[in-house]
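In the UniProt record's numbering, the protein residues as written are 1 to 290.
For every residue, glycine included, the Cβ atom is placed at its ideal position computed from N, Cα and C.
Presented below is the structure to which this report refers.
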């Protein structure tokens, strides 16, 4: 199976080290409000980034485009992909599906997603996110969306064992004021939000940010609007030959975070795990094969 095409965001991340200071300034400006930032006139983009018009022209060529119109055309295609509903996404794959068995095609897509994601993730940013999650002096809040709530619950169940002071915020927005009532400056929110981004999730992030909370965002390659508020964004490639996006790469980052946080606080975590096992024995929740 051929590799998924690189997004403009992917290309920018790959080229960052090769850009001049002004071009890097422009790149960061584009990524701040990606992909909408590049849909206006060239002069407007240059003004927003506080760079010259020739700087914009040079950078789009470094990204592999003949000129700014080609750059904008690609952005518009990405916006179409970003807004696709499940039926439209399935039609796209059906038209171009190769003849190999679905087991192989799907696995190829997932492996490609993992490779691209790990090739572009910032290890320092990931470590900083894990350190924030491990800091039990900060209350930890975890929330997901209509589908990603399953990932949020998975992280929550593990973090319950690893550390105290943790809350799983349910997806229904009418309960959020109760959770937000006790949020203190420096508390940590882990938020899951992938395409078909949810308005309720953005509103929660805005309210938490206003109260001084740190935000760690798990999102996709196009990035949720929440990324503008996030202290750290962890983006995953999610496209597979399916009517639904894949959660595999996001789950990989989630499980890696669980492992890293466990290691950062192993002394306390070990004690909590031992206490929990004693409780399990008392309740006879699990069968013993001895």
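Check: Local conformation of residue 121 per DSSP, three classes; Outcome: coil
Check: CA-to-CA distance, residue 11 to residue 64, given in whole angstroms; Outcome: 9 Å
Check: 6 Å Cβ shell around residue 201 - same chain, five flanking residues per side excluded; Outcome: 145 and 193
Check: Cβ pair residue 221, residue 235 closer than 8 Å; Outcome: yes
Check: Sequence-distant residues of its chain with Cβ nearer than 7 Å to residue 276 (five each side left out); Outcome: 161
Check: Whole-angstrom distance between residue 69 and residue 9, CA atom to CA atom; Outcome: 17 Å
Check: Extent of the continuous beta strand (DSSP E) run through residue 209; Outcome: That residue, residue 209, is in no beta strand (DSSP E); its alpha helix (DSSP H) goes 199-210.
Check: Own chain partners of residue 60 with C-beta closer than 8 Å, once the 5 adjacent residues on each side are dropped; Outcome: 67, 68, 70 and 71
Check: Integer Cβ distance of residue 149 from residue 167, believed to fall under 8 Å; Outcome: Actually they are not in contact, since the Cβ atoms of residue 149 and residue 167 sit about 14 Å apart, beyond 8 Å.
Check: Cβ shell of residue 13 (< 6 Å), same chain only, five flanking positions each side left out; Outcome: 120
Check: Close Cβ partners of residue 187 (< 6 Å) along its chain, the five nearest in sequence each way excluded; Outcome: 138, 139 and 213
Check: Proximity below 8 Å, CB of residue 248 to CB of residue 134; Outcome: no
Check: Pairwise C-alpha distance: residue 283 and residue 109; Outcome: 43 Å
Check: Where residue 113 falls, given that 16 or more other Cβ within 10 Å makes a residue buried; Outcome: buried
Check: Beta-bridge pairing of residue 220 - partner residues as DSSP gives them; Outcome: 236
Check: Three-state secondary structure (DSSP) of residue 166; Outcome: strand
Check: Burial state of residue 175 (16 or more Cβ within 10 Å); Outcome: exposed
Check: Residue 227 burial status per 10 Å Cβ neighbour count (16 or more: buried); Outcome: buried
Check: Cβ pair residue 76, residue 23 closer than 8 Å; Outcome: no
Check: Own chain, CB closer than 8 Å to residue 38, minus 5 neighbours either side, in chain order; Outcome: 8, 30, 45, 71, 72 and 75
Check: Residue 218 vs residue 256 beta-carbon contact at 8 Å; Outcome: no
Check: Cα-Cα separation, residue 197 to residue 273; Outcome: 36 Å
Check: Neighbour-count burial assignment, residue 111, 16 or more Cβ in a 10 Å radius; Outcome: exposed
Check: Residue 189 - containing beta strand (DSSP E), residue span; Outcome: 188-192
Check: Counted within 10 angstroms of its Cβ, other Cβ atoms place residue 78 as buried (16 or more) or exposed; Outcome: buried
Check: Exposure of residue 43, with buried meaning 16 or more beta-carbon neighbours within 10 Å; Outcome: exposed
Check: DSSP-derived helix/strand/coil call for residue 60; Outcome: helix
Check: Residue nearest to residue 6 in terms of C-alpha spacing, selected from 81, 28 and 48; Outcome: 81
Check: Reduced DSSP category for residue 141 - H, G, I as helix; E, B as strand; rest coil; Outcome: strand
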